[in-house]
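In our numbering, the protein residues as written are 1 to 106.
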């Protein structure tokens with residue numbers, strides 16, 4: 001009987017929100033608490049982060065090089081408009097990937 005009681009109390013403690021629910025709550029919080037400019041900046045930063053983490057099927061293709069160059073240009077635009085942003089690691093990664101593509105052509 002005591003064992004059954006312990007499981008009931010644990011069941012209440014093990015209730016977790018789903019990732020979809022968490023995303024929904026985070027989105028609602030952001031829209032309520034952040035300015036439109038901050039929300040837009042957040043989207044742009046997330047886009048850069050996803051681009052840096054992207055791993056293509058063919059990492060030596062000209063299309064992938066264009067993708068990297070585009071995202072490097074986007075980082076440069078963001079750092080001009082928002083100098084307090086730190087994209088040092090992202091720039092380094094993109095530049096290394098671009099150099100790797102260019103070296104493979106030699």
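C-beta: ideal position from N, C-alpha, C; glycine also.
Please read all numbers here as calculations on a predicted model, not as lab measurements.
- In summary, residue 97 is buried, with 16 or more beta-carbon neighbours lying within 10 Å of its beta-carbon over all protein chains present.
- Fully contained in the segment 50 to 100 is no beta strand (DSSP E) run of length 3 or more.
- In the three-state scheme derived from DSSP, where H, G and I count as helix and E and B as strand, residue 106 is classed as coil.
- In this structure, the straight-line span from the alpha carbon of residue 68 to that of residue 34 is close to 30 Å.
- Linking residue 103 to residue 54 through their CA atoms gives a straight-line distance of about 20 Å.
- With fewer than 16 other beta carbons inside 10 angstroms of its own, residue 95 counts as exposed.
- Straight through space, the alpha carbons of residue 92 and residue 32 are spaced by roughly 35 Å.
- Counting C-beta pairs closer than 8 Å gives fewer than three between the segment 19 to 28 and the segment 58 to 75, which falls short of the contact rule.
- Cα atoms of residue 48 and residue 71: separation of roughly 7 Å, rounded to the nearest angstrom.
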